[in-house]
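Here the sequence shown stands for residues 7 to 258, numbered as in this note's numbering. Beta carbons are placed, not taken as given, at the ideal position from N, Cα and C, and that holds for glycine. Input: a single structure, listed below in structure tokens.
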Amino acid sequence: MIPLLRKSVRPPRPRRLTLQILRYNPATPEIAPYLQDFAIDESDGMTLFIALNEIRASQDPSLQFDFVCRAGICGSCAMLVDGRPALACRTLTRDCGPRIVLAPLPFFELIGDLSVNTGKWMRGTAERLQTWIAQTQPVDLDALEARMEPALAEAIYELDRCIECGCCIAACGTAQMREDFVGAVGLNKIARFRLDPRDTRSDADFYELIGDDNGVFGCMSLLGCHDFCPKQLPLQTQIAFLRRKMAVEGWR
Ligand code: SF4
Ligand code: SF4
Ligand code: FES
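Structure (structure tokens):
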């Protein structure tokens, strides 16, 4: 009997990846934006965070991009990956093709290359929308804490998971046309404080903040925000609910 030939099992060869990165530094406007290719070998479990760090360490220390947590928590590493907003630290290269095109998030102030100033916009929007618990009475620090039903605490926590990454703004058609639009991130924050019984604002107060075209009535409901939110926040439901409530308020 002829013995069966066993195929030798070779580990798969690592792919050679090309990261094509949009380069531009506003500090040197005389150098026009350009695309630059960087080639690297893919490793097991490689994320775009790892790939970019390898490139910066071994090929170009001037490459600008932002990371803090590497765990999808801080929201600082959002960028356009093949044209779609995503967190670089949560994007595995194995889920991408051999050529990956990276660009900074649109809409936000560009710091350089892939780094944008989402923090400045988020802070400005938080101040505009007063995204904190507003109380009309002075707080009695000696009083016992009020109980909150677990289901309500859960519902608030669900919306509080926003990491202010800016992906929803980058995916939003209205935000690209209307620079004062508060976006899904802003509307989600209003929905969060509207739920909170410690916040004494009424719907009339919230209407003053978001009852116009820069708020909930500017939303075109195309749901790019919902599709690209890396935390899978229920943006579609929240925006639709808020719009109904604000429309009722507007009729009063
Ligand atoms: S709502 Fe989602 S996409 Fe928008 S900033 Fe928050 S986490 Fe990011
Ligand atoms: S649904 Fe509204 S907030 Fe979301 S991406 Fe579309 S226009 Fe922007
Ligand atoms: S580095 Fe913090 S979310 Fe990616």
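{"Item": "Report yes if the CB atom of Thr24 is closer than 8 angstroms to the CB atom of Ala57, and no otherwise.", "Value": "no"}
{"Item": "Can you give me the C-alpha to C-alpha distance between Asn79 and Phe55, rounded to a whole angstrom?", "Value": "The sequence given here places Ile at residue 79; Asn does not occur at that position. Those two C-alpha atoms are separated by around 14 angstroms."}
{"Item": "Tell me whether the beta-carbon of Cys168 lies closer than 8 angstroms to the beta-carbon of Lys251.", "Value": "no"}
{"Item": "Any heavy atom of ligand 1 closer than 7 angstroms to the Cβ of Cys75?", "Value": "no"}
{"Item": "Below 8 angstroms CB to CB, which residues in the same chain sit around Pro144 once its five sequence neighbours on both sides are set aside?", "Value": "none"}
{"Item": "Hey, out of Leu93, Arg29 and Asp233, whose CA is closest to Ala109's CA?", "Value": "Arg29"}
{"Item": "Return yes when the Cβ of Gln182 is within less than 8 angstroms of the Cβ of Val107, no when it is not.", "Value": "no"}
{"Item": "How many whole angstroms separate the CB atoms of Ile37 and Gln70, which I take to be in contact at a CB cut-off of 8 angstroms?", "Value": "Actually they are not in contact, since the Cβ atoms of Ile37 and Gln70 sit about 14 angstroms apart, beyond 8 angstroms."}
{"Item": "Quick one: is Gln244 buried, meaning 16 or more other Cβ sit within 10 Å of its Cβ, or exposed?", "Value": "buried"}
{"Item": "State the Cα-Cα distance for the pair Val222 and Glu48, rounded to the nearest angstrom.", "Value": "43 angstroms"}
{"Item": "Can you say whether Arg100 is buried or exposed, counting buried as having 16 or more other CB atoms within 10 angstroms of its CB?", "Value": "exposed"}
{"Item": "What I want to know is whether the C-beta of Gly103 ends up closer than 7 angstroms to one or more non-hydrogen atoms of ligand 1.", "Value": "no"}
{"Item": "Please specify which runs of the beta strand (DSSP E), each continuous and at least 3 residues long, are wholly inside the stretch 54-140, giving them in chain order.", "Value": "84-87, 90-93, 105-109 and 116-118"}
{"Item": "Please list, in chain order, all residues of the same chain as Gly217 whose beta carbon is under 8 angstroms from its beta carbon, the five residues on each side excluded.", "Value": "Phe223, Met252, Glu255 and Gly256"}
{"Item": "Name the DSSP beta bridge partners of Arg29, please?", "Value": "Tyr40"}
{"Item": "How big is the Cα-Cα spacing for Cys178 and Gly189?", "Value": "7 angstroms"}
{"Item": "Which residue wins for smallest C-alpha separation from Cys225, given the options Ala161, Thr124 and Glu185?", "Value": "Glu185"}
{"Item": "Please determine whether the Cβ atom of Cys173 lies at a distance below 7 angstroms from any heavy atom of ligand 2.", "Value": "no"}
{"Item": "Just checking Met226 against ligand 2 - is the residue's beta carbon closer than 7 angstroms to any of the ligand's heavy atoms?", "Value": "yes"}
{"Item": "Could you check the C-alpha separation between Phe187 and Phe212 for me, to the nearest Å?", "Value": "15 angstroms"}
{"Item": "Cβ of Ile162 within 8 angstroms of Cβ of Arg198?", "Value": "yes"}
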